[in-house]
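Chains as they are written, first to last, in the UniProt record's numbering: chain A, 1 to 263; chain B, 1 to 263. Just so you know, even glycine gets a beta-carbon here, dropped at the ideal spot from N, CA and C. Remarks on the structure that follows.
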DNA sequence: CCTGGTTATATAAAATTTTATATAGCGTTT
DNA sequence: AAACGCTATATAAAATTTTATATAACCAGG
């Protein structure tokens, strides 16, 4: 379904800005007067004049400066503040359009605002974005260790500075997004003994390989079909070859995890 | 100014969902019938019935399932799809509220959608977020080298995989956000000779020091007052002491830069 | 088979929003 | 001093939205 977004901003229960007023403001800017702007926007002069007076009053400072008399009888122009509001409105609409697109994606969890925002079009070069909740905080070490319980039940650890933990207002139960760059993810057979006890270890099965010029991309399905992506360099000694369907363990260091959270 | 956000979704020029209809849907869920829901929402029964029929028709599948007759005369309940739409609407409103808050921040550039989105409440443990435009792409190396021109004129480089560059649809002129973790930024006197030619080198002046238990936070003002933050461990050999106002150079490795972009 | 409270539907009335129209005042230009 | 084309303001008319009211149909349960 094609959805158009109409955004209205109210203050004290009265419309401050709505689509119709925005169209009017645009036409006033274009035409240089309220009367011509009203005609161009397809509304009556009274409607236009009332709208302008109302907006100016609600904002406390004018969006439209008006002059009576003079050459051409006077006229009206947008103030810098009026121009700024048009910009803001345009931006808010674009953001809402991204949000609507994100929300129509069946994969996003509607229970999680973070899930929507993280898929709202902000792509990072960090390939893996895992959503979970803070399960434990260890403020004792030099690097603050954060345990994050993913939605599929897996547990991962992130090392961040104590200062960052404070800044993100991390606390048990808070929802976080863990960013892990694909080149930092290493793969091994699931049966292999742990070599680095400190590493995160996520078990899954190989579901796809994409061969590139310099890197091979391995797509792994974790528990609950949570996707994970690893990039393995083809330069240097040839990697162990894995087969589709094979159970694997994906490893990455806690200090390479970036956490993101809302507010 | 306190702004309330009213969101309306239209399709084919007709209202699909608007605040009044949302209030109605909520009350129908609460009350178990259209007539009681209408009363609770403060609208007439005809208005409510028309709205429900209209929404069901526009969506192509029912938001509200209705039954006539039976014990209690029948009733109406939200379908799963109806519940989902309520969730979506709630989320969209929250996102828009974040956007409105971000946009009221005088610091954000209204010319840049990316600037707004990046400040829309998504905090990362990567302390430095620098906005700029791609100036050059070097697709030849193993690691794709991306040159980013910041708004203040500075130039930085990021090493990312060729695959990521494709995924982000990087091209000259595209706006990007560079994430750099504060612990990865190293400081030196501005006069000091470059030790690692590959590193990014940004010149600025020290404007503040925040002493912590394990890390000292140095705040640097780059050209155009662009802020940069470096964390220096207090463990190990004591760092050179810098003075407020002193010109410094901040260095960080290109492969530690994460790029983010929209779409 | 009757009752109750609902859905379903239609029509008229009321309320609200928007337009149409008219007129006064303004200040530069001719 | 007159003309011009606008702002500023008011009032009535028109259009649209919403409510009020009425009535038929529905169907499990007493």
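| Query | Result |
| --- | --- |
| Can you tell me which of A/117, A/97, A/81 puts its alpha carbon nearest to the alpha carbon of residue 106 of chain B? | A/81 |
| Taking the Cβ atom as the reference point for each residue, do residue 163 of chain B and residue 12 of chain A lie within a distance shorter than 9 Å? | no |
| Mind checking which residues open and close the beta strand (DSSP E) that includes residue 242 of chain B? | From DSSP, residue 242 of chain B is part of no beta strand (DSSP E); its letter is neither H nor E. |
| Give me the Cα-Cα distance between residue 85 of chain A and residue 41 of chain A, rounded to the nearest whole angstrom. | 18 Å |
| So residue 183 of chain A contacts chain B; which residues on that side make the cut at Cβ distance below 7 Å? | 161 |
| Is there at least one Cβ from chain B nearer than 9 Å to residue 118 of chain A's Cβ? | yes |
| If you draw a straight line from the C-alpha of residue 268 of chain B to the C-alpha of residue 91 of chain B, how long is it? | Residue 268 of chain B is absent from the model: chain B starts at 1 and stops at 263. |
| Buried or exposed: residue 251 of chain B, going by 16 or more other Cβ atoms within 10 Å of its Cβ? | buried |
| Per DSSP, residue 233 of chain A forms a beta bridge with which residues? | A/215 |
| Determine the direct distance from the alpha carbon of residue 7 of chain A to that of residue 36 of chain A, and round the result to whole angstroms. | 25 Å |
| Would you say residue 151 of chain A faces chain B, with C-beta separation under 9 Å as the test? | no |
| Identify every run of the beta strand (DSSP E) within the segment 61–112 of chain B, keeping only runs that are complete inside it and at least 3 residues long; order them along the chain. | 64–68, 74–78 |
| Using Cβ-Cβ distances below 7 Å, what residues of the segment 77–111 of chain B are close to chain A? | 84, 87, 88, 91, 92, 94, 95, 96, 99, 100, 103, 110 |
| On a CA-only basis, which of A/218, A/206, A/132, A/201 is nearest residue 172 of chain A? Give me that one, please. | A/132 |
| Ordered along the chain, which non-local residues of its own chain (more than five positions away) have a Cβ less than 6 Å from that of residue 22 of chain A? | 89 |
| Taking the beta carbon of residue 161 of chain A as the centre, do at least 16 other beta carbons fall within 10 Å, making it buried, or is it exposed? | buried |
| Around the Cβ of residue 200 of chain B, are there at least 16 other Cβ atoms within 10 angstroms (buried) or fewer (exposed)? | buried |
| Looking at the C-beta of residue 252 of chain B, does it have a partner C-beta in chain A at a distance below 9 Å? | no |
| Where does residue 15 of chain A sit, in a helix, a strand or coil, going by DSSP? | strand |
| Kindly indicate the opening and closing residues of the beta strand (DSSP E) around residue 133 of chain A. | 128–138 |
| Specify, as a first and last residue, the run of the beta strand (DSSP E) that residue 180 of chain A falls within. | 175–180 |
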